[in-house]
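Q: This is the structure I have questions about; it appears just below.
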DNA sequence: ATAACGCGGACTGATATTGTCCGTGTTATG
DNA sequence: CATAACACGGACAATATCAGTCCGCGTTAT
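Residue numbers (this note's numbering), protein chains in the order written: chain A, 1 to 182; chain B, 1001 to 1182.
And the structure:
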């Protein structure tokens, strides 16, 4: 229950899968089963990504989600804001105006401009957001790809085609894949 | 209910008063009444600042709190950590190890090192913490002092001496003060 | 002796998070 | 055309944290 929630974590992991498995749409159930997370909960996250223009949804029986933009053009900050809705780091209560020495209303010099404490927090929030804005989905995908062994892409491809009911000759993993493997 | 809570806000405002009113200890009730905030709640915050070595408490009937260090040597980050207890920005659930393609246990390449998503969040958290660490209590105090009119320090002095039961001739505000006014 | 103080624990209400479940509309497929 | 798989949205519940109150204990100036 931190400031950046598990909803964001789920969303980011799913978008990484969508960035990898380019072409065929993946349903929220596919993504949930693939990662061992709750489908019901994931189904509440994706409409937010869709409204933010990060993914594109296709309805119907073979429907699912695709990235609406290139992974290079999707920043982590955009994902966080899409899912959490621009949640502030600090919610200033304007304590400065309540000083017992002041009358009612408090003098203008005490309430004008931004509270000094609030200003420090806003700067910290901006530093955090700048760090998140500087990283794209493609950057994280590259980090993950550098860790995975070469056969992993084809394993994933096999799992997906098997699950899509694609009885096209591949029934299990370990078949060589030429499409997604970079 | 943001990541940085109102407890931190209350604590920071109180520490600013302690930095100003140097010499006489102020009780948590003094500070609560001076700012129009809950005394009961404030009384739960100060022991944390005391254990962190930010303020020094003196018990008994004329007791209260004093800054334990110079305002220049107290960073906003130290105050936040003292009150909130090093709360992480992001709590990684290690989704990466739950992939359906993996067996149990998942392969080492998938679980070794820091999760790539977690890494991005840790960098954002560090950027935020660096921003908070770069500002001291004295920095904020200076900002506030620049806004206040010259007679404000003596008004505060008057309020405090009146409240401390100091029946020394001053009964109200608006008397000239020479001690605290910079 | 008393009253003001710090300290700590128990308790309460409000809100956010993390889910689950169900109903509606849409669209490939048999 | 019927069905099943999909997206979407609302209602609901469990849990956690936050904000705040209240009480009892020990300490200390007056």
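Cβ coordinates follow ideal geometry from the N, Cα and C atoms, glycine included.
(1) Let me know the secondary structure DSSP gives residue 164(A) once reduced to three states.
(2) Residue 18(A) bridges to which residues according to DSSP?
(3) Might you give, ordered along the chain, the residues of its own chain that have their beta carbon closer than 6 angstroms to the beta carbon of residue 15(A), omitting 5 neighbours on each side?
(4) So, does the segment 1094–1110 of chain B touch the segment 82–97 of chain A, judging by three or more C-beta pairs under 8 angstroms?
(5) How many Å lie between residue 53(A) and residue 33(A) at the Cα?
(6) How big is the Cα-Cα spacing for residue 1023(B) and residue 1088(B)?
(7) Just how far apart, CA to CA, sit residue 1073(B) and residue 1050(B)?
(8) Let me know the alpha helix (DSSP H) ranges lying completely inside the segment 1035–1075 of chain B, each 4 residues or longer, listed in chain order.
(9) Would you say residue 46(A) faces chain B, with C-beta separation under 8 angstroms as the test?
(10) By Cβ distance, which residues of its chain are closer than 7 angstroms to residue 1163(B), with the 5 residues on each side in sequence left out?
(11) Do residue 8(A) and residue 79(A) come within 8 angstroms of each other at the CB atom, strictly closer than that value?
(12) Measure the Cβ-Cβ separation of residue 109(A) and residue 1147(B) and say whether it is below 8 angstroms.
(13) Tell me the DSSP secondary structure of residue 1002(B) in three-state form.
(14) Suppose you measure from the CA of residue 19(A) to the CA of residue 1127(B); what does that come to, to the nearest Å?
(15) So, for residue 1076(B): in the same chain, excluding its five sequence neighbours on each side, which residues have a beta-carbon less than 8 angstroms away from its beta-carbon?
(16) Could you please tell me which residues of the segment 1079–1101 of chain B, in chain order, have their CB closer than 8 angstroms to any CB of chain A?
(17) Could you give the first and the last residue of the continuous alpha helix (DSSP H) run that contains residue 140(A)?
(18) Write down the C-beta distance between residue 43(A) and residue 28(A) rounded to the nearest angstrom, noting that I regard them as a contact closer than 8 angstroms.
(19) For a cutoff of 8 angstroms on Cβ pairs, would you count residue 1069(B) as touching chain A?
(20) Could you please give the first and the last residue of the uninterrupted alpha helix (DSSP H) stretch that includes residue 1123(B)?
(21) Quick one: residues in its chain with C-beta nearer than 8 angstroms to the C-beta of residue 178(A), no 5 flanking neighbours on either side, listed in chain order?
(22) Could you pull the DSSP bridge partners for residue 1152(B) from this structure?
(23) Apart from the five residues just before and just after residue 1090(B), which ones in its own chain have a Cβ nearer than 6 angstroms to its Cβ?
(24) For residue 37(A), return the contacting residues in chain B, with the cut-off set at a CB-CB distance below 8 angstroms.
(25) Could you round the C-beta distance between residue 55(A) and residue 70(A) to whole angstroms and report it? I think they count as a contact, below 8 angstroms.
(26) Taking C-beta to C-beta, are residue 1045(B) and residue 1083(B) nearer than 8 angstroms?
(27) Just grab the DSSP bridge partners of residue 1090(B) for me.
(28) Hey, is residue 1027(B)'s beta-carbon within less than 8 angstroms of any beta-carbon in chain A?
(29) Confirm, please, whether the CB-CB distance from residue 1107(B) to residue 1064(B) is below 8 angstroms.
(30) What residue from 143(A), 105(A), 118(A) has the CA that sits closest to residue 1114(B)'s CA?
(31) Using beta-carbon positions only, say whether residue 1003(B) and residue 3(A) come within less than 8 angstroms of one another.
(32) Here's the rule: buried if 16 or more other CB atoms are within 10 angstroms of the residue's CB, otherwise exposed. What is residue 1116(B)?
(33) Tell me, which residues are paired with residue 1026(B) by DSSP?
(34) Check the Cβ of residue 43(A) against every Cβ in chain B and list those closer than 7 angstroms, keeping chain order.
(35) Does any residue of chain A bring its CB to less than 8 angstroms from the CB of residue 1172(B)?
A: Reading it off the structure:
(1) Here the question's residue 164(A) lines up with position 164 in the first chain. In this structure, residue 164(A) counts as coil in the three-state DSSP scheme.
(2) Working through the first chain from its first residue, we reach residue 18(A) at position 18. In the DSSP output, where bridge partners are listed per residue, residue 18(A) has none listed.
(3) As a first step, residue 15(A) must be located in the first chain, where it is residue number 15. Excluding positions up to five away in sequence, the list reads 137.
(4) no
(5) For this step, residue 53(A) is matched to residue 53 along the first chain. For this step, residue 33(A) is matched to residue 33 along the first chain. Cα-Cα distance, rounded: 24 angstroms.
(6) If you number the second chain from 1, residue 1023(B) lands on position 23. If you number the second chain from 1, residue 1088(B) lands on position 88. The straight-line gap from Cα to Cα measures roughly 36 angstroms.
(7) Along the second chain, read from residue 1 onward, the residue named residue 1073(B) stands at position 73. Along the second chain, read from residue 1 onward, the residue named residue 1050(B) stands at position 50. Their Cα atoms are separated by approximately 15 angstroms.
(8) 1039–1051
(9) Translated into the one-based positions of the first chain, residue 46(A) becomes position 46. Residue 46(A) does not count as touching chain B.
(10) For the purposes of this step, residue 1163(B) is identified with residue 163 of the second chain, where counting begins at 1. The residues are 1030.
(11) For the purposes of this step, residue 79(A) is taken as residue 79 along the first chain, with counting starting at 1. For the purposes of this step, residue 8(A) is taken as residue 8 along the first chain, with counting starting at 1. Yes.
(12) Stepping through the first chain from its first residue, residue 109(A) is reached at position 109. Stepping through the second chain from its first residue, residue 1147(B) is reached at position 147. The answer is yes: Cβ separation under 8 angstroms.
(13) In the second chain, counting from the first residue as 1, residue 1002(B) sits at position 2. In this structure, residue 1002(B) counts as coil in the three-state DSSP scheme.
(14) As a first step, residue 19(A) is located in the first chain; it is residue number 19 there, counting from the start. As a first step, residue 1127(B) is located in the second chain; it is residue number 127 there, counting from the start. Near 27 angstroms, if we compare the C-alpha coordinates of residue 1127(B) and residue 19(A).
(15) As a first step, residue 1076(B) is located in the second chain; it is residue number 76 there, counting from the start. The residues are 1012, 1132, 1133, 1135, 1136, 1137, 1140.
(16) 1087, 1088, 1089, 1090, 1091, 1092, 1093, 1095, 1096, 1098, 1099, 1100, 1101
(17) Position 140 of the first chain, counting from 1, holds the residue named residue 140(A). It spans 137–147 - the alpha helix (DSSP H) in which residue 140(A) sits, taken as one unbroken run.
(18) Sequence index remark: in the first chain, residue 43(A) carries index 43 (1-based). Sequence index remark: in the first chain, residue 28(A) carries index 28 (1-based). Contact flag correct, Cβ pair sits at about 5 angstroms.
(19) As a first step, residue 1069(B) is located in the second chain; it is residue number 69 there, counting from the start. No, its Cβ sits nowhere closer than 8 angstroms to a Cβ of chain A.
(20) Locating residue 1123(B) in the second chain gives position 123, counting from the first residue. It spans 1116–1133 - the alpha helix (DSSP H) in which residue 1123(B) sits, taken as one unbroken run.
(21) Here the question's residue 178(A) lines up with position 178 in the first chain. Because the pLDDT at residue 178(A) is just 34, under 50, the model does not fix this residue reliably, and the point stays unresolved.
(22) Counting from one through the second chain, the residue named residue 1152(B) turns up at place 152. In DSSP, residue 1152(B) forms no bridge with anything.
(23) Mapped onto the second chain, residue 1090(B) falls at position 90. Closer than 6 angstroms at the Cβ level, and outside the excluded window around residue 1090(B), lie 1121.
(24) On the first chain, position 37 is the one that residue 37(A) refers to. Chain B residues near residue 37(A): 1095, 1098.
(25) Residue 55(A) sits at position 55 when you count from the first residue of the first chain. Residue 70(A) sits at position 70 when you count from the first residue of the first chain. In fact, because the Cβ distance is near 13 angstroms, the residues do not count as touching under 8 angstroms.
(26) The sequence position of residue 1045(B) within the second chain is 45, counting from 1. The sequence position of residue 1083(B) within the second chain is 83, counting from 1. Yes, they are a contact pair.
(27) Locating residue 1090(B) in the second chain gives position 90, where the first residue counts as 1. Answer is 4(A).
(28) Stepping through the second chain from its first residue, residue 1027(B) is reached at position 27. So, not an interface residue.
(29) Taking the second chain and counting its residues from 1, the one referred to as residue 1064(B) is at position 64. Taking the second chain and counting its residues from 1, the one referred to as residue 1107(B) is at position 107. In this structure, residue 1107(B) does not lie closer than 8 angstroms to residue 1064(B) by Cβ.
(30) As a working mapping, residue 1114(B) is identified with position 114 in the second chain. Per the Cα distances, 143(A).
(31) For the purposes of this step, residue 1003(B) is identified with residue 3 of the second chain, where counting begins at 1. For the purposes of this step, residue 3(A) is identified with residue 3 of the first chain, where counting begins at 1. Yes. Within cutoff.
(32) For the purposes of this step, residue 1116(B) is identified with residue 116 of the second chain, where counting begins at 1. Classification of residue 1116(B): buried, given that the 10 Å Cβ count is 16 or more.
(33) Your numbering for residue 1026(B) matches position 26 in the second chain. DSSP, once it has assigned bridges, lists 1065(B) as partnering residue 1026(B).
(34) Locating residue 43(A) in the first chain gives position 43, counting from the first residue. Here the premise fails: no neighbours, minimum Cβ distance about 17 angstroms.
(35) As a first step, residue 1172(B) must be located in the second chain, where it is residue number 172. Unreliable placement is indicated for residue 1172(B), whose pLDDT of 38 sits below 50; no coordinate value is reported for it.
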